[in-house]
Amino acid sequence: MSAGAERVEELILGNPTFSQVTNEIASPMERRPGPAWWGAFLTAASVLTLGVVLIGYTMSTGIGVWGLNRTVGWGYDITNFVFWVGIGHAGTLISAILLLFRQRWRTSIARAAEGMTIFAVLCAAIFPLIHMGRPWLAFWVFPYPNTRGPISVNFRSPLLWDVFAISTYFTVSLLFWYVGLIPDLATMRDRSTGWRRRIYAFLALGWDGGTRTWQRYEKACVLLAGLATPLVVSVHTIVSFDFATSVIPGWHTTIFPPYFVAGAVFSGFAMVITLLLVTRKVLGLERYITASHFEKMARVLLTTGMIVGFAYATELCIALYSGNRYERFTFENRAFGPYAWAYWTMVACNVLVPQVFWWARARRSALVLFVAACLVNVGMWFERFNIIVTSLHRDYLPSSWSYYTPTLVEMGILLGSFGLFFTCFLLFVRFAPVVAFHEVKLTLAEQRETPHAVR
Amino acid sequence: MPSADRAVASPPGSRRRIHTLAFDDPSRALAAVRALRADGFEVDDVHTPYAVHGMDEALGLPETRLGLATLAGGLLGAGVAFGFQFWTHAVDWPLVIGGKSPLALPAQVPVSFELTILFAAFATVGTFLARRRLFPRIAVTPPSQPGPGVTDDRFVVLVVERDAGFRPARLRELARELGPVETVEGWRVM
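Here it is, written out as structure tokens:
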């Protein structure tokens with residue numbers, strides 16, 4: 004790229020007409036799903052069923068069926084919770100933060116990423132719920148008039164902050180997603196007939212595309228983006244407080260909030276890349292979700308990967324430099340103790356793998372992107388596993404030192420959460436436009452007006 | 563939708579003659595709105611498949627004050643959250659936890675922050691939907707929408723005959739110059 008030359012990259016290939024945009028994005032919803040969709044859906048639904056059965060087994064027997072012990076009270080369950088909350092962050096980053104920064108490349112991928120956020124937060128919410136052991140009493144976490152005093156919840160507990168953070172995040176994400184969908188549901192309404200038309204019409208709220216409505220609509224979206232931006236930063240900050248406000252070596256760390264937020268964006272982008280590579284292939288959306296979109300996401304992955312790597316190094320330095328022997332022991336134990344395999348898996352997947360994206364060829368290769376993104380997902384799951392389990396398994400009291408091994412039940416529930424995630428996503432691509440019609444048309448119009456200086 | 567930017571008042575429920583000019587190009591629709599308004603016509607609305615930037619200015623619409631609803635919602639959320647936490651912990655059932663004062667303000671920040679955002683988001687979306695009369699409907703076609711094309715690839719300029727001084731002949735003449743792909747004249751209950 005020569006200095007000073009304005010390089011305009013095409014975000015939508017082949018200059019389609021507006022009605023071509025409508026037809027091509029709507030067609031996956033209007034044709035019968037093929038064997039690929041059914042195969043994926045049945046697999047996801049079966050895995051989800053397995054998860055539901057194992058959760059039922061856990062609830063009826065007690066969480067003693069998990070591998071937790073007296074020393075390691077948090078294992079797979081909380082790891083999965085933090086992992087899934089993190090996955091959701093990329094969706095809000097793409098839909099809200101990139102909107103505020105007027106990044107046009109977000110338009111084709113924002114809808115899918117927002118959907119992913121909602122499904123990921125849904126998956127996340129299951130885990131604290133089942134970790135309670137008696138999920139039918141979960142409503143106790145909310146302050147409501149009760150017969151126990153009435154005594155209210157402890158607002159000074161980070162676990163309660165989580166309740167508010169996660170439920171607000173889910174609600175606002177859902178609201179943002181739905182508001183974004185209204186004009187597109189109107190497009191679907193005007194294309195469909197029969198009962199599908201009735202449902203789309205009901206959900207499109209009588210949208211007529213008037214300029215006054217559009218003006219307020221755009222304002223509402225910018226305001227929501229302005230609200231969602233500090234919200235998304237707060238959510239993983241508050242999740243990190245679950246650890247940072249405790250006095251466990253390895254958890255009691257001031258670096259946690261920014262470290263968790265960067266890690267969340269990192270893992271979320273990895274999941275967006277994984278999902279969209281498959282989605283655009285299966286739905287034939289190569290014109291809208293292009294190599295240039297993936298190139299930009301790979302750059303985000305490289306950047307956030309290095310932030311995460313920097314955080315790992317900082318943690319080690321502080322552990323050495325602080326002179327606190329417990330802190331130092333925890334980090335030595337993390338890298339060279341019984342869970343060293345998990346630590347080095349994390350470092351390899353999160354720090355080394357993204358380095359491949361220094362090369363433009365790697366950023367534009369679907370295969371490299373897919374493999375690297377999957378490895379980052381694995382690495383980020385292990386990051387949370389490391390923080391939680393390796394900090395707990397070596398207690399202050401050597402007599403209670405132990406080793407935590409998950410049971411098949413826990414592994415099955417983790418698998419089941421992936422089943423839920425993919426089931427939701429597959430249903431979403433069947434019934435709602437996975438690429439926003441109106442945003443793509445706006446981008447297309449801007450692209451036509453911009454002179455193509457250097458190509 | 564009664565609003566200050568609609569200049570001529572008409573009794574609700576009266577039948578009005580309407581003219582629609584459909585374009586297949588946003589810049590032509592923008593040019594048409596400017597030409598019509600320059601010629602003294604009142605353009606009622608322009609229905610478009612996406613938010614055509616500059617269209618609100620071409621129509622002479624004032625800036626929206628939706629941000630005030632967001633601010634009000636946020637302030638309410640913050641007030642409710644801080645107030646409720648203070649009331650439960652310091653007034654209704656004071657509990658000493660970890661030796662902290664009943665009004666441990668820093669510990670109340672996360673919950674208050676979240677509720678500020680939550681209330682502000684609901685206020686924004688609620689106000690937007692209510693003011694634009696957007697609500698779930700059984701009717702499969704909104705009566706205010708000039709044809710299904712406006713959610714696909716049509717940019718439709720709507721002009722309503724509101725008074726006796728309206729010049730339909732001049733409008734037709736202008737329409738020929740502006741080159742719409744389709745012009746329709748009809749009636750609508752306003």
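From first to last, the protein sequence lines stand for chains W and D. So that you can map any letter, position 30 of the first sequence is 33 in the numbering used here, and since no number is skipped, the others follow by simple counting. So that you can map any letter, position 116 of the second sequence is 678 in the numbering used here, and since no number is skipped, the others follow by simple counting. Glycine included, C-beta positions come from ideal geometry on N, C-alpha and C.
A Cβ of chain W is located within less than 9 Å of the beta carbon of residue 701(D). At a cut-off of 9 Å between C-beta atoms, residue 730(D) does not count as an interface residue with respect to chain W. Straight through space, the alpha carbons of residue 143(W) and residue 149(W) are spaced by roughly 9 Å.
Under the Cβ distance rule, residue 157(W) counts among the residues neighbouring chain D, one pair being separated by less than 9 Å. Across the segment 334–363 of chain W, no CB contact with chain D closer than 7 Å is found for any residue. Only 650, 651, 654, 655, 657, 659, 660, 662, 666, 669, 670, 672, 673, 675, 676, 677, 679, 680, 682 from the segment 650–682 of chain D bring a Cβ to less than 8 Å from some Cβ of chain W. DSSP places residue 196(W) in the coil class of the three-state scheme, outside both helix and strand.
Counting only runs of 4 or more residues that sit fully inside the segment 580–656 of chain D, the alpha helix (DSSP H) segments are 588–600, 617–620, 628–648, in chain order. By the neighbour-count criterion, in which 16 or more other beta carbons inside 10 Å mark a residue as buried, residue 617(D) falls on the buried side. It is roughly 34 Å from the alpha-carbon of residue 386(W) to the alpha-carbon of residue 224(W). In the three-state DSSP reduction, residue 717(D) falls in the strand class (E or B). Note on the segment 682–742 of chain D: whole alpha helix (DSSP H) runs with a minimum of 4 residues are 730–740, in chain order.
Runs of the alpha helix (DSSP H) spanning 4 or more residues and lying entirely within the segment 4–78 of chain W occur at 21–33, 38–64, in chain order.
Within the model, the alpha-carbon separation for residue 586(D) versus residue 709(D) is close to 14 Å. Among the residues facing chain D, residue 143(W) is not included, as its CB has no counterpart in that chain under 9 Å away. About 36 Å separates the beta carbons of residue 622(D) and residue 680(D), which is beyond the 8 Å limit, so they are not a contact pair. If you check each beta-carbon in the segment 585–602 of chain D against every beta-carbon of chain W, the ones closer than 7 Å belong to 588. The beta-bridge partner set that DSSP reports for residue 745(D) consists of 583(D). Positions of the alpha helix (DSSP H) runs, each at least 4 residues long and wholly inside the segment 274–359 of chain W, are given as 294–324, 328–339, 343–350 in order along the chain.
Taking C-beta separations shorter than 6 Å and ignoring five residues to either side along the sequence, the partners of residue 53(W) in its chain run 415, 419, following chain order. For the pair residue 342(W) and residue 410(W), the CB atoms are not nearer than the 9 Å cut-off. A contact is defined here as three or more CB-CB pairs under 8 Å, and the segment 292–303 of chain W fails this definition with respect to the segment 118–126 of chain W.
In the three-state reduction of the DSSP assignment, residue 215(W) falls in the helix class. With 16 or more other Cβ atoms inside 10 Å of its own Cβ, residue 353(W) counts as buried. If you draw a 10 Å sphere on the C-beta of residue 215(W), you find 16 or more other C-beta atoms in it, and that means buried. Cβ proximity to chain D below 9 Å picks out 146 from the segment 123–147 of chain W. In this structure, DSSP gives residue 109(W) a helical state, which the three-state scheme calls helix.
Contacts with chain W (Cβ-Cβ distance below 7 Å) from the segment 604–623 of chain D involve 607, 608, 609, 610, 611, 612, 613, 617, 618, 621, 623, listed in chain order. For the 9 Å CB-CB criterion, residue 185(W) and residue 628(D) do not form a contact.
In chain order, 141 place their CB closer than 7 Å to the CB of residue 135(W), counting only its own chain and leaving out the 5 sequence neighbours on each side. By the Cβ criterion, the segment 122–134 of chain W is in contact with the segment 420–429 of chain W, since at least three pairs of Cβ atoms, one from each stretch, lie closer than 8 Å. Between the alpha carbons of residue 690(D) and residue 207(W) lies a distance of about 14 Å. Of the candidates 115(W), 205(W), 240(W), 325(W), 240(W) places its Cα closest to the Cα of residue 676(D).
The beta-carbon separation of residue 435(W) and residue 278(W), rounded to 15 Å, does not stay under the 8 Å limit for a contact.
Around the beta-carbon of residue 700(D), fewer than 16 other beta-carbon atoms lie within 10 Å, marking it exposed. For the segment 417–448 of chain W, the set of residues with a beta-carbon nearer than 8 Å to any beta-carbon of chain D comprises 440, 441, 442, 444, 445, 448, in chain order.
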